[in-house]
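Single-structure report; data block below.
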Amino acid sequence: MKKAIVPMLSLLAVTAVGSLFSKPISAKAAANANGWDYDAYNPTDHASDSPFTLCWGNTNTRSMRLTEQASMFYDVPAFGTRGMHKSTFDLSTFEFTVELSHRSNLVLLTFGKTAGVYYSEGNMIANIDIVPAKSNKIDGTTNQYIVCLSSSPNNHNISIEGFNDGTDWADDNNFKGVAVTAADNKIHMKFNRVSSENTEVTVNDRVFTVSNSILYQQLENSGLAYNTPSYVMVGGMNGSGFEKVIFEQFTDSKHTEYYSSTGAFGVTKAAISELKDASLTNGEEAEAFLAKYKTLKYNELETYDKTWLKNDYQVVQEKYATATSLSPTFMLEQRVNDLKEAYEVIETKDDISKVESAIEAVNKAYEEIDASTLSESGKAIYDDSQVEVNKAKAKISIVATKIYKETVDAYVKAVAAINDVETLLKAKEALVAIPVSYSKYFTSEEDFNEQVALINKAKEDFAKKTRSDSKNITQGNYADILTNEDGSLVVSASGSSQYGDKTNSSGVYFEQPVAYSNFSVKFNIEELAADNTWIALGIMEQPDMFIIAENDSVTNNKGVSFRMQRTTLSTISVEVYVTTMTATRYYDAKLLTTMDIPYQQDVTLKMKNVTKNLGGILDNYYTISFNDVELNETIKVSKMKTVFPNGDNAYLFFGSHGTQVAYTIKDINGKKPLSDDLKPASSVPTSTDSALEYELGSGKDLSINLDTKGEMISSVKIGKKVVSSANYTYENNVLTIKASALSKLSEGEENVIVETAYGSLTWKLTVKTSGTTPVDPEPETPTNNNGCGGSIIATSAIVSTLALAGIGLVIYKKRERK
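Numbering (the numbering used here), first residue to last: 147 to 964.
Written out as structure tokens, the structure reads:
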């Protein structure tokens, strides 16, 4: 069954000890004694201190509390209009007194197994009808009633066997029960289960015996005990306007005890009354007040009883604050109680922290007391506090040393398991997890030294795995590096590479130069918090760090730098800085354009010089791209010479600023990061074809085998004419020139020239008509312009050199024979 809601203030004045039921005093007399008009007053809602509440969401019931015992219930006596008591009751000991001088319509009480039960529903247990005679007057001049008691659905007006005096109710002979002439229009009714067979039901001093098997049949049918707590609904039928009834008593044996002098309500009320009037002028009175205050059972009261006593209780609370300030040992005692509660169960680090805080609070309160001023009871509290502190420390010692050893063991195992970025981070976390402060809880120095030795050995093993001995890098003290089998570097770092020297930073600095004019690096950022933490990557003039400075000292660290910061769950925003010799602060170097790169995915950064034709002007530009998406900035190579004034050499560094980061450097210019030479392999395009030929009128495309070494084609020419990009394609190392670009050629020979940023290739193309025999062409030499756009001078120089050496380089393509 559902848990009982809450009992009410049924019993009135305190009764003789041992008496199960009490006769209530008149609610009218009590109300009038308090100076208000009982007869004229009507409640406007259900008051918070009332034991009754709404049911079924209707607003046609209201109630208020009159005394500790009595409540006024005000409703429209109609179908579907019910209120409900907030508590539950045992029918076998139930007792109530109702005053009906303001009621002309039926009043019913329905007992249910669940809340909100109607008398006709299967969950009903019993129903009581109290029906006023039609001759009754509201002024109370007549007082005739019939009371019906039923225990089966739909028969609310037909009493069970044994509860019937044979009265033929003149107003409506459908009602069968007990006729009552009620003095003062009060009906008093109680149930007393006298044996396993029978229950006595009393109505205004008339006793009727009913069978338990009939009265409690609905409970027994559900397999429930006869004394199972029941919900009680209150309402009426066949009325149209609001009418009121007064419940001067509404109780059972449980509630009788609750409101007695030894019950929770009785004890609490008496204690509140005593405390409210207590004198507080010195520490002794304060300690007496606090001792009595401990007996309060206010929080055990029903919610509506708390509200009923609330005003007096608030006065007590105010005096409590005064008493605590007067009592020298009050705060100490409270802190000791907190400590006892804290050390009752100690299993985790959090538990230990709570106990440590509680010990600190006890000791603070202890030190603030002058023991010479204490009473005997105060001195006992004072001495007991240190006993409890020692108990707590002893319990902490057992658990703390166990946790310390477990965390040391976890660190040792985590270091042994390091083989990737995830295990590297776990090992660092395991070290941090060792509670260093717990060392004070070791009772054996030998035991503690053994743990220290294990930690130091694990740190040595960690360093062997995470400190590189390569001369090609400088590793900051706050950066750990793991070298994978494929040569890639896993870096885990925290702190900053923004200030200080290289070794005292979180940076990784590559000492072997790269060429800024042709550079690529592949990396993956595995951990980067979405806060103010960032990762920096730079191609610097010197093997140094990218710094943030608001003065011209930034020119000491010229270069192209990238500051990468998480913005979403899957995206990193990249700011680009190009620091030249004229910069007066780092912000001057920031480019307007930013880029987004993926988080926890491979990213390839490429930087190179390329030749571009912008507005009809051919010039050299510096391009920056991430995963082949080019930064939308126009940067001339001439500007880059102010960044790198000492030639093409530059130096790569990775750094960070903020909380823990982790990233993997997979390759630099296609090489392992710790290689002795980080400059790119030759990017000069090559071809396996020699001479080319094309037959006019064939309508065919011309295919040429070509390897651009991953570089973009900057131009395709036939003779001096540039072939538009719409007239050629390059895919799978094959350049295809479309027939549309070849159809207007004349018979003879032409040069086909393909240029990339790092060189060019030239083929002799023989153009013939059908039946023409081509003449063997003279060889042309592929040239390397060292990234300067394939200049004619560079090509001629190489050809001249070869000629002087007596070496001939010939590129032919065998003719197709028909």
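Beta carbons are placed, not taken as given, at the ideal position from N, Cα and C, and that holds for glycine.
Ser892 counts as exposed, since fewer than 16 other C-beta atoms from the protein chains shown sit within 10 angstroms of its C-beta.
Fewer than three Cβ pairs drawn from the segment 271-283 and the segment 393-411 lie within less than 8 Å of each other, which leaves the two stretches out of contact.
Bridge pairing for Trp680: His803 [DSSP].
Only residues of its own chain outside the window of five on either side were considered, and among them Lys336 have a CB closer than 6 Å to the CB of Thr348, listed in chain order.
Assigned with DSSP and collapsed to three states, Arg481 falls in helix.
Inter-residue distance for Ala417 and Ser342 is about 40 Å (C-alpha atoms, whole angstroms).
Nearest Cα to Asn664 within the set Asp566, Ser829, Lys754, Asp530: Lys754. With distances taken between CA atoms, Gln290 lies nearest to Pro278 out of Ser298, Pro299, Pro278. The Cβ atoms of Gly705 and Glu721 do not sit closer than 8 Å to each other. By the Cβ rule, the segment 582-590 does not count as touching the segment 617-629, because fewer than three pairs are nearer than 8 Å. Assigned with DSSP and collapsed to three states, Leu570 falls in helix. In this structure, Leu842 sits near Val913, with a CB-CB distance shorter than 8 Å.
Burial check for Gly684: the Cβ neighbour count within 10 Å reaches 16 or more, so the residue is buried. Contact between Val380 and Gly229 holds, with the beta-carbon distance rounding to 5 Å and staying under 8 Å. The C-beta separation of Val378 from Phe225 comes to about 18 Å, leaving the pair out of contact by the 8 Å criterion.
Contact between Val636 and Asp566 holds, since their C-beta atoms are separated by about 7 Å, short of 8 Å. Residue pairing by DSSP places Asn755 opposite Tyr768 in a beta bridge. Under the three-state reduction of DSSP output, Ile527 falls in the helix class. In the pairwise beta carbon analysis, the segment 360-378 is classified as not touching the segment 326-334: fewer than three pairs are separated by under 8 Å.
Contact between Ile883 and Val869 holds: CB atoms are separated by about 6 Å, below the 8 Å threshold.
Per DSSP, the beta-bridge partners of Glu673 are Ala808. Going by C-alpha positions, Val775 is about 23 Å away from Tyr797. Here the alpha carbons of Ser719 and Ser194 stand approximately 58 Å from one another. When Met210, Thr213, Val222 are compared, the shortest CA-CA separation from Asn204 is found for Val222. When the beta-carbon positions are compared, Gly382 and Val253 come within less than 8 Å of each other. A distance below 8 Å separates the beta carbons of Leu478 and Ile527. Leaving aside the five residues that flank Gly308 on each side, the residues in its chain whose CB is nearer than 7 Å to its CB run, in chain order, Phe354, Thr355, Val356, Ser357.
Contact annotation: the segment 384-401 touches the segment 239-256, with at least three C-beta pairs closer than 8 Å. Shown here, Ile333 sits in a strand according to DSSP, grouped into three states. Judged by DSSP in its simplified three-state form, Ile781 adopts strand.
Minimum Cα-Cα distance from Lys443 among the listed residues Glu433, Ala434, Ser616, Tyr459 corresponds to Tyr459.
If you compare the alpha carbons of Asp516, Ser499, Asp497 with that of Ser473, the shortest gap goes to Asp516. Residue pairing for Asn851: DSSP places it in a beta bridge opposite Val880. Following the DSSP letters along the chain, one finds Ala272 inside the beta strand (DSSP E) bounded by residues 270-278. Residues of the same chain with a CB within less than 7 Å of the CB of Gly385, apart from the 5 flanking positions on each side, are Val222, Pro223, Ala224, Asn251 in chain order. Cβ contact annotation for Leu455 (same chain, cutoff 8 Å, sequence separation greater than five): Thr414, Lys415, Ile418, Tyr444, Leu447, in chain order.
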